[in-house]
Structure formats: structure tokens, C-alpha cells
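Number of protein chains: 2
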Amino acid sequence: MRELGGADVYLRNCASRNVLSLLSNKWLCLVVGVLSSGPVRFGALRRRLDGITQKMLTQTLREMERAGLVDRRVYPTTPPRVEYSLTPLGAELEALTGAIRVWSEEHMEQIAAARADYDERAAQPVEPL
Amino acid sequence: MRELGGADVYLRNCASRNVLSLLSNKWLCLVVGVLSSGPVRFGALRRRLDGITQKMLTQTLREMERAGLVDRRVYPTTPPRVEYSLTPLGAELEALTGAIRVWSEEHMEQIAAARADYDERAAQPVEPL
DNA sequence: CGGCATCCTTATGGATACTG
DNA sequence: CAGTATCCATAAGGATGCCG
Numbered sequence: 001m002r003e004l005g006g007a008d009v010y011l012r013n014c015a016s017r018n019v020l021s022l023l024s025n026k027w028l029c030l031v032v033g034v035l036s037s038g039p040v041r042f043g044a045l046r047r048r049l050d051g052i053t054q055k056m057l058t059q060t061l062r063e064m065e066r067a068g069l070v071d072r073r074v075y076p077t078t079p080p081r082v083e084y085s086l087t088p089l090g091a092e093l094e095a096l097t098g099a100i101r102v103w104s105e106e107h108m109e110q111i112a113a114a115r116a117d118y119d120e121r122a123a124q125p126v127e128p129l
Numbered sequence: 001m002r003e004l005g006g007a008d009v010y011l012r013n014c015a016s017r018n019v020l021s022l023l024s025n026k027w028l029c030l031v032v033g034v035l036s037s038g039p040v041r042f043g044a045l046r047r048r049l050d051g052i053t054q055k056m057l058t059q060t061l062r063e064m065e066r067a068g069l070v071d072r073r074v075y076p077t078t079p080p081r082v083e084y085s086l087t088p089l090g091a092e093l094e095a096l097t098g099a100i101r102v103w104s105e106e107h108m109e110q111i112a113a114a115r116a117d118y119d120e121r122a123a124q125p126v127e128p129l
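From first to last, the protein sequence lines are chains A and B. No gaps in the numbering here: position 114 of the first sequence is 114 in the numbering used here, and each next residue is one more. No gaps in the numbering here: position 29 of the second sequence is 29 in the numbering used here, and each next residue is one more.
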């Protein structure tokens, strides 16, 4: 943050922006949700995240692993078995992302209604007599 | 959510996913942060979000307005004056997004260290003797 | 099974110019 | 001042095929 005429400014290129963009990943919130109940294999994780592609799941997990949020454990069996779990740091996130998931579910109808209302008023901008 | 072998599945195309993708907007978290202290004009908002372009700020604010998170108030003066503020619904978000901003700032160093460590180990995958 | 590499399409976002 | 409109570069993401 920087000061600008007495007001705080959210600076670009600061490290917290970096973390913020990590957390605003489309899938991260859901991945944390699935992993919060314990280690999960890649395939199971994928099946529980409806619509995610293999590419995106791999990519998201790598990013999270790299940031120290997720632990990747490989069992050298045939066929290979790979389990993902939250690190202590990643587990901290569940308090935040869980709250977001809950809020999303609780307010989805209200938001859908607001959007419908907005669109209706946008389509009929002239004042009716 | 759907059941799949006793495990919850995060379904695609469900309304909460919609809200989730709204919240994972790159800028929303910061916009909520600025607006949480009261109504702010477009220009001031822009100056306090370092690096945001006019296009992205407009786009983000429209999306938030449409979802009922933000109130847009136009004062028909010359030059025009437009003030944005959080609706009660949007104000609820500050509890969530504020926690995320705080967490990001608190853990940015730890995450940067984890990434550096990961990258170093990735560059030197052979076991040293 | 759990990936990676490639190709290709679409979405995102920056820069610029113009307007009420 | 607070936008809208347009163009353009890049990034995100899906589909497919191959591999240890």
C-alpha cells in the first residue's frame, strides 16, 4: 500500500497482489474444498470437480504445490498412484475459501435475481407513463 | 453438489459456481477493499487501484452493479460525477475479501520462499552424492 | 493411472481514439 | 469526468494423442 492524498492505494506488482491472483484462480477454491477432508488421488479429484479438464487440474495442482499449499505424494506402484493433500499452509486457506463457497451458495438466488432485474431495466430504459 | 460413491461433487453449471467465478475476479477483492470505507468516485477508485485500466474498472464495476454488489450513483453536474458504493450485499463481502487480502499480505513471503524452493529443486532434479 | 506435448479456438485485457 | 467503441496482442483453456 502507498499513501495518496491520505488514502491507501493497492499497488501493482506488490507481492500480495501476486498471492491474490493465485487465490482468484477459478478452481483453487474448489480444490481446497475437496482436499480439506483428506488426501485424494488425481482421478478422484478430477471426478469430484465436474467439468475440469485434466490439463487445468494438473496446472492448478502444480501451481498450488509450487506455492506450498499442496503436497504431492507419488507411490511407485503400477499403475502409478498419486495423492494430493493440503499442507498446513493450504489448510489455513479452507477457512477463507470455505466461507466463500458457503456465501456463494447462500446468495446465488439473490444475485441471480439482481442480475435479472438489472437486465430487465437495461432493456427498458425509457420511463413508462 | 451431487453424491458420487459417498463423496460430494462440485457440479458444473450450478449457480454457486457462477457466483464463485464472479468472486474470483482479479479486481473484485480490491474494489471491495476500497469501497468498504465509503462511496468513491470513478477517478479516485481508479487511482487507488494501481495498474487497473479504465476498461477493466468499468467492466468490473458493471459486473458488480449487475450482481447487486455495488450501487452506482450519478450526479448530473458538469462535468458528471459518478459515485460507487457497496450495497448491503456487497458490504457482506468485505468480511470475506478482507480476510483474503490480510492472509495474502501475511503469507506472501512464505509463498515466495516456497516457490523459490520448488524452482530450485526442479532445476536440480538429480540427487547430489 | 497420471501425466506431458501439441494444436487450435476463444476469452481476456491493453492501447487508443472519440463522446455527452 | 466518466465513460463507449474499436483494434490488436496475448493468455487461457479445450481436444487429442502419446508415454512411463
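Idealized CB from N, CA, C, for every residue including glycine. A quick note: this is a predicted structure, and the numbers were derived from the prediction, not measured.
Ser36/A is outside the set of residues whose beta carbon lies under 8 Å from a beta carbon in chain B. Around Gln54/B, no beta-carbon contact reaches into chain A at under 8 Å, the shortest distance being about 15 Å. In chain order, Ser104, His107, Met108, Ile111 make up the part of chain A whose C-beta sits under 7 Å from the C-beta of Val19/B.
Looking at the DSSP output, Ala44/A shares a beta bridge with no other residue. Bridge partners of Val32/A according to DSSP: none are assigned.
For Tyr84/A, no alpha helix (DSSP H) encloses it; the enclosing beta strand (DSSP E) starts and ends at 81 to 86.
Between the segment 17 to 35 of chain B and the segment 55 to 69 of chain A, the count of C-beta pairs closer than 8 Å stays below three; the two stretches do not touch. Across the structure, Pro76/A and Arg121/A are spaced so that their CA atoms are roughly 60 Å apart.
It is roughly 20 Å from the alpha-carbon of Pro39/A to the alpha-carbon of Lys55/A. Apart from sequence neighbours up to five positions away, the residues of its chain that approach Thr87/A with a beta-carbon distance below 7 Å are Gly68, Leu69, Val70, Asp71, ordered along the chain. Under the three-state reduction of DSSP, Asp50/A is assigned to coil, being neither helix nor strand. When rounded, the separation of the alpha-carbon atoms in Ser36/A and Leu93/A is 9 Å. Taking C-alpha positions only, Glu106/B is separated from Trp27/A by approximately 22 Å.
In chain order, Val34 place their CB closer than 6 Å to the CB of Arg48/B, counting only its own chain and leaving out the 5 sequence neighbours on each side.
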